[in-house]
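A.B. asks: Encoded as structure tokens, here's the structure I'll be asking about.
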Amino acid sequence: MSFKVQVEPSGHEFSVESGERILDAAVRQGINLPYGCRNGFCGDCQASLTKGSVDYPDGIPPVMADNSEGICYTCQAVPASDLAIEVVEIARSKDIPIRTMPCKVDRIERLNEDVIRLYLKLPEGERLQFLAGQYLNFILKDGSKRAFSIANAPHDDDFIELHIRHVSGGLFTDLLFSGMEEKTIMRIEAPLGSYYLREESTKPIILMGGGTGFAPLKGIIEHAFQIGIQRPMHLYWGVRSRSDLYLPELPQRWAAEHANFNYIPVLSEPDDDWRGRKGWVHEAVIADHPDLSDHEVYMSGPPPMIEAGKKVFLSHGLAGEELYSDSFEYGAAAAKQKTGT
Ligand SMILES: Cc1cc2nc3c(=O)[nH]c(=O)nc-3n(C[C@H](O)[C@H](O)[C@H](O)COP(=O)(O)OP(=O)(O)OC[C@H]3O[C@@H](n4cnc5c(N)ncnc54)[C@H](O)[C@@H]3O)c2cc1C
Ligand code: FES
């Protein structure tokens, strides 16, 4: 048995399975209700209950005061009937408070010579609210910060997934690649940045990633599939050689499963037997889409790619406000500069 939840003022509606918490169901279906701790302590998930009733299977949440009539805490509440709730959904990055918290390195997966996939686990009962495509900062022991994009989508938030490229001589990535151990405790601040999917647009989407610039695009694409976006999506992944496509099967699978998704890998230093696209990734985009006046573009990766992309795309009709990017600058200065953007 399931119940319907109507959200005002957005008018969104979603279903909640029997025994499921309202917030879990919303996250699963890509509805951005606000939340913080997700364990009944902070009160950030508070909503007005304007129709129906709820139960709290684990008992009244600690945050709930005696006079909380007409209020429900969606992270703990389970519907006892169809509901109408009033709560302002998260629509922009500014709506989510930036938090500093500890996390544990849960798994380290070597994807190729110089890319590691890192899974982070937050303390028991904690989840990070973020928009698909945002990034976090590691706060290192010396207080400096290193930025990495979140590669998972918000509905799949048991872990925070990062794709990290080795920068030879880099303080943090040298440490990681020289044998950082699972269970290491790190400090992060998150979520950061204004690079996230604009869900309200109806325009076809071009996603261009250079190297690990694929990471935030993975989050954006998985979120778009989750909420059922039907707009055409074209992913261009630019790397040097085939081995740099560090998750080669994933975008192929997306293309096989979703008629509105199209994947074009582009190699700048192609292997001899490469039969696919060659050259600079932004040039491949323009060759396929010479008129960008009716598109939205998301691009992430090395600064030279971002600079080249900006210049060329704007000169091919792309409106400035339809261009979203995260330039992967190096070092502490870049991370500091971007905090809170
Ligand atoms: C918003 C944002 C999101 C990011 N997301 C990701 C991500 O998802 N994955 C990812 O792999 N990286 C990402 N980066 C880049 C990442 O933050 C840097 O690579 C980071 O500085 C590496 O940390 P480090 O301590 O190993 O190197 P640092 O100690 O920061 O770098 C060492 C020194 O080497 C220089 N340097 C080293 N290599 C180069 C190079 N190739 N070109 C220019 N200068 C160089 C730097 O200027 C610096 O002085 C992101 C950056 C930003 C700003
Ligand atoms: S998210 Fe903290 S009380 Fe619900």
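Using the working numbering, the letters of the sequence shown correspond one by one to residues 856 to 1196.
Note that beta-carbon positions come from the ideal geometry of N, C-alpha and C, so glycine has one too.
(1) Assuming Ala1142 is part of the alpha helix (DSSP H), what are its boundary residues?
(2) Residue range of the alpha helix (DSSP H) that Lys1073 falls in?
(3) Please work out which residues of its chain come closer than 6 Å, Cβ to Cβ, to Ile1075, disregarding the five sequence neighbours upstream and downstream, and give them in chain order.
(4) For ligand 1, any of its heavy atoms closer than 7 Å to the Cβ of Ile1019?
(5) Within 10 angstroms of its Cβ, does Glu1176 collect 16 or more other Cβ (buried), or is it exposed?
(6) CB Pro1120 to CB Gly1131, shorter than 8 Å?
(7) Using 8 Å as the threshold, is the C-beta distance between Glu944 and Ser865 below it?
(8) Heavy atom of ligand 1 less than 7 Å from the Cβ of Glu1184, yes or no?
(9) Apart from the five residues just before and just after Gln1107, which ones in its own chain have a Cβ nearer than 8 Å to its Cβ?
(10) In the structure shown, what three-state DSSP assignment does Thr1028 receive?
(11) Would you say the beta carbon of Phe896 comes nearer than 7 Å to a heavy atom of ligand 2?
(12) With H, G and I counted as helix, E and B as strand and the rest as coil, what does DSSP make of Gln861?
(13) Beta carbon of Ala1070: closer than 7 Å to some heavy atom of ligand 1?
(14) Using DSSP bridges, identify the partner residues of Val871.
(15) Am I right that Glu981 and Cys892 are in contact with their C-beta atoms under 8 Å? What's the rounded C-beta distance?
(16) Determine the direct distance from the alpha carbon of Ser936 to that of Pro916, and round the result to whole angstroms.
(17) Using a threshold of 8 Å, state whether the C-beta atoms of Ala1070 and Ala1008 are closer than that.
(18) Check for me: the beta strand (DSSP E) holding Ser1170 runs from which residue to which?
(19) Can you name, in chain order, every residue of its own chain whose Cβ lies under 8 Å from the Cβ of Thr955, other than the five neighbours on each side?
C.D. replies: Judging by the given coordinates:
(1) Val1136 to Asp1143
(2) Phe1069 to Gln1081
(3) Ala987, Gly988 and Leu1052
(4) yes
(5) exposed
(6) yes
(7) yes
(8) yes
(9) Tyr1118
(10) helix
(11) yes
(12) strand
(13) yes
(14) Phe858
(15) 6 Å
(16) 20 Å
(17) no
(18) Here Ser1170 belongs to no beta strand (DSSP E); instead the alpha helix (DSSP H) covers Pro1158 to Ser1170.
(19) Ile994, Arg1042, Ile1043 and Glu1044
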